[in-house]
Each structure stands twice: as structure tokens, then as C-alpha cells.
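Asks: Take the sequence shown: its position 96, counted from the start at 1, is 96 in UniProt numbering, and no numbers get skipped.
We treat Cβ as the ideally placed atom computed from N, Cα and C, and that holds for glycine.
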Amino acid sequence: MRVYFSCQLFLGLSIAIIYLIIIFQSKNKLSNSALRNRLKLLIKSSSLSQSEIARRIGVTRGSVGHWLTNGNISRENLFALCKVLNVDISQVIDEDSYLNLEPLKVKVIQLTKDLPKEEYYKLEEVIRILDQPSE
């Protein structure tokens with residue numbers, strides 16, 4: 001059983017690593033300005049200050065400011081930032097990511113993505129009721 005679990009974990013990690021390598025070597029790399037805008041949006045929609053983010057990652061506040069000014073961030077720091085902000089790296093570097101949305105819409109998505117199913121269905125019902133034309 002332990003060997004089976006280890007193999008599954010290894011396979012899962014291998015697939016994730018291959019996926020990330022493909023993304024980072026893609027010819028359609030995100031421009032620095034696009035990355036800068038996404039990083040700004042992510043940090044703005046979080047409740048963390050630049051100083052707190054820097055502390056959690058182990059860099060200076062100036063480094064975080066530098067990322068937001070020119071969009072130039074190392075892979076290691078990008079992974080760490082995503083971990084601190086609790087977002088998937090694909091949301092940052094994927095052109096079709098929901099990060100192209102307005103900050104309020106991003107916040108709604110972030111708040112609803114971890115809802116238990118029963119709460120999600122209740123919310124869905126409320127939206128359906130509100131969506132009905134008034135009589």
C-alpha cells in the first residue's frame with residue numbers, strides 16, 4: 001500500500017513538473033507588463049501588505065515592489081508568491097486566466113471556490129432567484 005501511494009505521489013509530482021516546464025518554455029511567454037499587472041491584481045485582491053508578503057517569502061519589501069514595477073520575478077519567487085497568496089501558478093501565467101477580470105469578480109471567485117457543496121448550491125439558488133425578472 002505504501003509503495004502504491006509513493007508511486008502515485010511520484011507520478012503526480014512528475015506530471016506537475018513536466019506541466020510547469022512546458023509552461024515556462026512556451027513560446028507564448030507572458031510579457032513583463034502582463035505579469036506585472038497580474039501580480040498587482042493578485043496582491044491587491046489579497047488581504048496582505050507587500051511587507052507581509054515579503055516577510056513570508058523571505059525577501060525584502062523592495063523586491064516585492066520591484067516585481068510590481070517591472071514584472072521581473074524569478075521562478076522560485078513566483079512559486080513562493082503563489083503559495084503565499086494561495087493561488088495556482090497557472091492562474092498567473094495562463095493568458096486565459098480569470099485574472100483578466102475586474103478585482104471584485106476575482107474576489108467573488110476566490111471566496112466561492114472553497115465553499116462546501118451545500119453552501120454552493122444555496123448560493124446558486126439565491127442567484128437564480130435574483131436573476132428572475134421582476135413582475
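1) Count the CB pairs spanning the segment 74-89 and the segment 35-50 that are closer than 8 Å, and state whether there are at least three.
2) Ignore the nearest five residues each way along the sequence and tell me which others in LEU39's own chain have a CB closer than 8 Å to its CB.
3) Determine, using beta carbons only, whether ILE89 and VAL64 come nearer to each other than 9 Å.
4) Let me confirm a value: VAL59 is counted as buried when at least 16 other C-beta atoms fall within 10 Å, else exposed. Which label applies?
5) Sorted by chain position, which residues of the same chain lie with C-beta nearer than 8 Å to LEU130's C-beta, five sequence neighbours on each side aside?
6) Tell me which same chain residues have a C-beta within less than 8 Å of the C-beta of ASN32, skipping the five on either side of it?
Replies: Quick answer:
1) yes
2) TRP67, LEU68, GLY71, ILE73, LEU81 and VAL92
3) no
4) buried
5) none
6) ASN70, GLY71 and ASN72
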